[in-house]
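> Under the working numbering, the first residue of the sequence shown is numbered 82, with each subsequent residue one higher. Where is the CB? At the ideal position from N, CA and C, for every residue including glycine. In this text, all values refer to a predicted model and were calculated from it rather than measured experimentally.
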Amino acid sequence: MTADPLAPLLDLADIAAAVERARDRFDRALGHRALRRHGGQVAAEVSLRSAVASAGLEGHHHERETVRAGTVTEPVLQGALRVAGALPGLSELWPKAPRQVLAKLHVLAAREVVAETALGRPVDDPVVAARLDALAALVAGGTRVTPLVLAAVVHGELLNLRPFAGPSGVVARGAARLVLLSTGFDPRGLLAVDVGHREREPEYVGAAGAFATGTPDGLRSWLRHYMSAVEVGADQLTAIGDDILAA
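(1) Kindly list the residues whose CB is nearer than 7 Å to the CB of valine 276, restricted to its own chain and excluding five residues on each side of it in sequence; keep chain order.
(2) Alpha carbon to alpha carbon, what distance is there between valine 194 and valine 100?
(3) Using the three-state DSSP reduction, which class does proline 89 fall into: helix, strand or coil?
(4) Within 10 Å of its beta-carbon, does glycine 265 have 16 or more other beta-carbons around it, so buried, or fewer, so exposed?
(5) Buried or exposed for proline 268, please, with buried defined as at least 16 other CB atoms from any protein chain shown within 10 angstroms of its CB.
(6) Give a yes or no on whether the C-beta atoms belonging to alanine 253 and histidine 236 are separated by under 8 Å.
(7) For the alpha helix (DSSP H) containing glycine 250, list its first residue and its last residue.
(8) First and last residue of the alpha helix (DSSP H) that includes histidine 278?
(9) Taking the C-alpha atoms as reference points, what is the distance between leucine 90 and serine 263?
(10) Identify whether leucine 200 lies in helix, strand or coil by the three-state DSSP scheme.
(11) What separation, rounded to the nearest whole angstrom, lies between the Cα atoms of glycine 322 and glycine 121?
(12) Proline 244 by DSSP, collapsed to three states: which one?
(13) Going by C-alpha to C-alpha distance, which of Ala161, Gly287, Val230 and Ala328 sits closest to proline 86?
(14) Which residue wins for smallest C-alpha separation from glycine 255, given the options Val204, Lys185 and Asp206?
(15) Quick check: what's the CA-CA separation for leucine 189 versus aspartate 324?
In structure tokens form, the structure reads like this:
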């Protein structure tokens with residue numbers, strides 16, 4: 082039997098406990114009363130907040146209410162909104178054809194940002210191609226670790242590789258959310274992990290750089306950050322539910 086390539090990550094100091102805390106925080110948030118009758122409204126708000134946060138992490142900062150009003154036409158923000166809206170429809174295809182889905186995410190994210198000839202096309206680099214193949218193999222069933230760890234690895238690897246021109250980070254964050262959607266961890270798209278990354282942006286940037294080193298300490302730093310972002314995302318779910326019930 083081939084060893085699971087991601088299993089050793091759970092042996093890093095504090096990581097198993099951090100994963101468990103993040104999972105428990107989200108599980109508690111899923112019990113919110115607002116989800117019984119207003120689940121679609123909650124999911125739409127999570128999608129909006131995630132897109133605004135993802136664009137912000139690319140350096141394109143916009144006030145959420147201005148975006149909600151539909152007055153922001155800036156291309157990176159519009160791309161992030163398109164990606165967020167497309168994720169539920171791509172979740173079934175993702176584990177079957179991850180490279181195809183990544184190309185689709187890039188088309189959505191980078192339209193009007195990069196040349197049309199570059200849309201959906203990874204950079205021409207054999208190292209990047211090989212690592213994308215390895216990542217696709219993980220997504221397609223090459224690991225049995227918890228979806229939270231797989232999502233973190235997908236996110237960190239795509240941030241590190243930057244396989245597409247333009248807002249590659251929007252693609253990375255969309256792919257990570259797809260892991261959670263497609264595995265059934267978050268099938269309704271209720272976990273605003275990207276808001277957690279945005280709220281802890283200095284840590285996000287530093288931990289992503291640490292992940293790129295490939296060292297145990299670097300991987301541990303990224304995984305700890307990712308689980309903290311999940312907890313923030315779970316708290317966002319609770320806050321959104323409270324706001325909807327109070328309206």
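To lay it out plainly:
(1) Arg130, Ser131, Ala134, Val313, Gly314 and Gln317
(2) 36 Å
(3) helix
(4) exposed
(5) exposed
(6) yes
(7) 249-263
(8) 274-280
(9) 21 Å
(10) coil
(11) 11 Å
(12) coil
(13) Val230
(14) Lys185
(15) 30 Å
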